[in-house]
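Heads up, the sequence shown is in full-length UniProt numbering, so the first residue is 1 and it goes up one at a time.
To start, the structure under review is shown below, and the notes come after it.
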Amino acid sequence: MSGHSHWAGIKYKKAAIDAKRGRMWSKLARMIIVAAKASGGDPAANLSLRYAIDKAKAANMPKDTIEKAIKKGTGEIEGASYEEVLYEGYGPAGVAIMVEALTDNRNRTTPEIKRLFERHGGSLGASGCVNWMFSKKGLITVNTAEAGEEQLLEIALNAGADDMQNTGEVYEITCDPAAYEKLKERLQEKEIPTEVAEISMVPQSTVPVNDDKTAKKIISLM
């Protein structure tokens, strides 16, 4: 009986992992479709597509699934039409929040986002209400155990990075999106692994939330 229970537990865990991976692959496929639709199916000439493909490969998405998503984006094969949408709003204590989403139905997605904000003590704002507080940047993090600070700083600056911060656990490197690929390639050449590598909306300044209850509400919304 215990053997049966152990096997049932393994099957349950595997099903949960498979479901999580499936959701991630679906999200990444939509990113690829949108990028290919916007600027073509050649990753060498389409930075957004190259970035989406890199993320898909990092998530172990099969090559044929990636190629199929590209063809859906370019219209070579039929598929749902997705668009990238940006929402702005405020969380608990007035924390500025930007939400990037992919949707095949904006009229359905907008009310859902609004409900999520309100359910967790926030509010969906008008376009432009918090956008000015963020900058689009390449963001790369490296575990402090993987590289020396001086070595990494030299590589980052030579590749066009804007800034590098030591948080104690990781080095956070930010750069202009145009320098993102070069920076990532330089780190790969030096065999320095990254924990995060993405194009992101980075806040121009941050303020600590000292109240535990408010912090939990913000985390719940995020």
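Even glycine gets a Cβ: it sits at the ideal position worked out from N, Cα and C.
In this text, all values refer to a predicted model and were calculated from it rather than measured experimentally.
Listed in chain order, the non-local C-beta contacts of residue 135 below 7 angstroms within the same chain comprise 202 and 204, local neighbours out to five positions each way being set aside. Residue 40 and residue 195 have their C-alpha atoms roughly 29 angstroms apart. Linking residue 50 to residue 105 through their CA atoms gives a straight-line distance of about 25 angstroms. Along the UniProt domain "TACO1/YebC-like second and third" (82-222), the alpha helix (DSSP H) occurs as fully enclosed runs of 4 or more residues at 106-119, 149-158, 180-189 and 212-221, listed in sequence order.
The three-state reading of DSSP puts residue 77 in coil, since its state is none of H, G, I, E or B.
DSSP places residue 24 in the helix class (H, G or I) of the three-state scheme. Under the 10 Å beta carbon count, residue 43 is surrounded by 16 or more other beta carbons and is classified as buried. With distances taken between CA atoms, residue 141 lies nearest to 161 out of 87, 161 and 28. Here residue 110 is actually not in contact with residue 139; their C-beta atoms are around 27 angstroms apart, not less than 8 angstroms.
In the three-state scheme derived from DSSP, where H, G and I count as helix and E and B as strand, residue 42 is classed as coil.
Rounded to whole angstroms, the separation of the alpha carbons of residue 172 and residue 207 is 17 angstroms. Segment contact: the segment 84-91 against the segment 118-133, three or more CB-CB distances shorter than 8 angstroms; contact assigned.
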